[in-house]
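Let me begin by presenting the structure, written as structure tokens, before commenting on it.
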Amino acid sequence: MGQAAVTGMLTQTRGSMDRQTLDREYFARGTVPDVEIFIDTYGRLSRLAKRTLRGGIDIAFGPGADETLDIFVPKPGTPLFVFIHGGFWRALSKDESSFMAPAFHRAGVAVAAINYSLAPLVSIDEIVRQTRLSIVWLWRNAERLGFDADRIHIGGSSAGGHLAAMLLDGEWQASEGLPRNAIASVTLFSGLFDLEPLRHCHVNDWMKLDEAQARRNSPIHVPVAAGTKMHVAFAETDTNEFKRQSRDYAKHCTRAGAHVSCIEYANTNHFDIVLKLAEEGTTVFRDVIRQVLDSK
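Okay, structure coming up:
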């Protein structure tokens, strides 16, 4: 199936749903009884990481007040896992995003949690720009920070999965002087890869997407380099639309020649699937660490 067919399939899927159905399908909080339990856990474990690990906190990667990151490097020359938080581009921050750092530290993997400005104060174009800037800054400062610039791995959840996928566009990498393989692998949890359906539901109340913005910021329309290593994952209790988006994007990338694994993790929800990264005995943790350590 070619790209035109994929685009047509996505449009048809959106067109078959009314506003009420789309609102329900893209209301991730509605899939759990109390989302605050998970958000509180993100923050508590991230604060623990800051207290117990050596790292750089609130490091500026750009001139904007929100363009900051936290980084934890266990020893010189380790691979780096960059985590991009979710929150439908309007909530959360890096301060809830380093919960996996202690477990990754013990596995010999550095962690960076990046911050970005939130909608509706800024547009999706600006959020993507800030996210890309963070990766350029990290790559250029790898030696000073102590991690291996040839082993930068990206992970993101929900809206963060979208932003992680937007990093795979080789054109912006080349324009910044990054090598073609600057990103060693990506892990995408319950991501959003086609933004067109979001224009027609409650998400657009704060995103303010027009058709052109939605298209240029949809990873399903972004070329992916052959050979890219990708782990596309979603939760057992994710909505059908979240699952469809992940499956469709995995197919898109596979056709482009990327090395893609796509998996639904049993006994997980939209919010606790990433918390498994903090638990060394889980399948999620093992799968991601294996991809990081086996790449390059």
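The sequence shown runs contiguously to residue 328 in our numbering.
Ideal Cβ placement from N, Cα and C applies to all residues, glycine included.
Checklist line | Spatial distance of G94 from T53 (CA atoms) | finding: 39 Å
Next item on the list: Label A144 either buried or exposed according to how many other C-beta atoms from any shown protein chain fall within 10 Å of its C-beta, with 16 as the threshold for buried.
Entry: buried
Next item on the list: Answer with buried or exposed for S207, where buried requires no fewer than 16 other C-beta atoms within 10 angstroms of its C-beta.
Entry: exposed
Check: Would you call G118 buried or exposed, if buried means 16 or more other Cβ atoms sit within 10 Å of its Cβ?
Finding: buried
Check: Rounded to the nearest angstrom, how far is the Cβ of G259 from that of H291, given a contact under 8 Å?
Finding: 7 Å
Margin query: Quick check on the burial criterion: 16 or more other C-beta atoms within 10 angstroms. Buried or exposed for D242?
Written below: exposed
Check: Going by C-alpha distance, which of S278, A97, E268, K308 is nearest T63?
Finding: E268
Next item on the list: Under 8 Å by Cβ, that's how I've got Q277 and D226 pegged, so tell me the actual separation to the nearest angstrom.
Entry: 6 Å
Next item on the list: Determine the direct distance from the alpha carbon of G187 to that of K261, and round the result to whole angstroms.
Entry: 12 Å
Check: Any idea if G88 is buried or exposed, counting beta-carbon neighbours within 10 angstroms, 16 or more meaning buried?
Finding: exposed
Next item on the list: Tell me whether V38 sits in a helix, a strand or coil according to DSSP, three-state version.
Entry: Only weak support exists for where V38 lies, its pLDDT of 40 falling under 50; the coordinates are left without a value.
Check: So which of D55, C233, E203, D50 has the shortest CA-CA distance to R248?
Finding: E203
Next item on the list: Express the C-alpha separation of T286 and V256 in angstroms, rounding to a whole number.
Entry: 9 Å
Notebook entry, point to check: Taking the alpha-carbon positions, what's the A92 to R61 distance?
Noted result: 31 Å
Checklist line | Rounded straight-line distance, which links the Cα of L210 to that of S166 | finding: 13 Å
Item checked: Buried versus exposed, by CB contacts within 10 Å (16 or more), G192 -> buried
Checklist line | Neighbour-count burial assignment, N272, 16 or more Cβ in a 10 Å radius | finding: exposed
Checklist line | First through last residue of the alpha helix (DSSP H) which encompasses P134 | finding: 133-138
Next item on the list: State the beta-bridge partners of G188 as determined by DSSP.
Entry: I116, L220
Margin query: Taking its Cβ as the centre, do 16 or more other Cβ atoms sit within 10 Å of D326, making it buried, or is it exposed?
Written below: exposed
Notebook entry, point to check: Going along the chain, which residues of its own chain have a beta-carbon closer than 7 Å to the beta-carbon of V306, five neighbours each way excluded?
Noted result: S189, F221
Next item on the list: Along the beta strand (DSSP E) that carries T100, what are the first and last residues, could you check?
Entry: 100-104
Next item on the list: Starting from the C-beta of I156, find all residues in its chain whose C-beta is less than 7 Å away, skip the five residues before and the five after it, and write them out in chain order.
Entry: W121, M239, L241, Q245, N249
Next item on the list: Compute the Euclidean distance between the alpha carbons of F274 and H194, then round it to the nearest angstrom.
Entry: 12 Å
Checklist line | At least 3 beta-carbon pairs within less than 8 Å: the segment 129-136 vs the segment 67-83 | finding: yes
Check: Who are E243's beta bridge partners in DSSP?
Finding: Partner(s): none; E243 has no beta bridge.
Notebook entry, point to check: Are there 16 or more other CB atoms within 10 angstroms of the CB of K126, so buried, or fewer, so exposed?
Noted result: buried
Next item on the list: Give the range of the alpha helix (DSSP H) segment to which F70 is assigned.
Entry: 67-84
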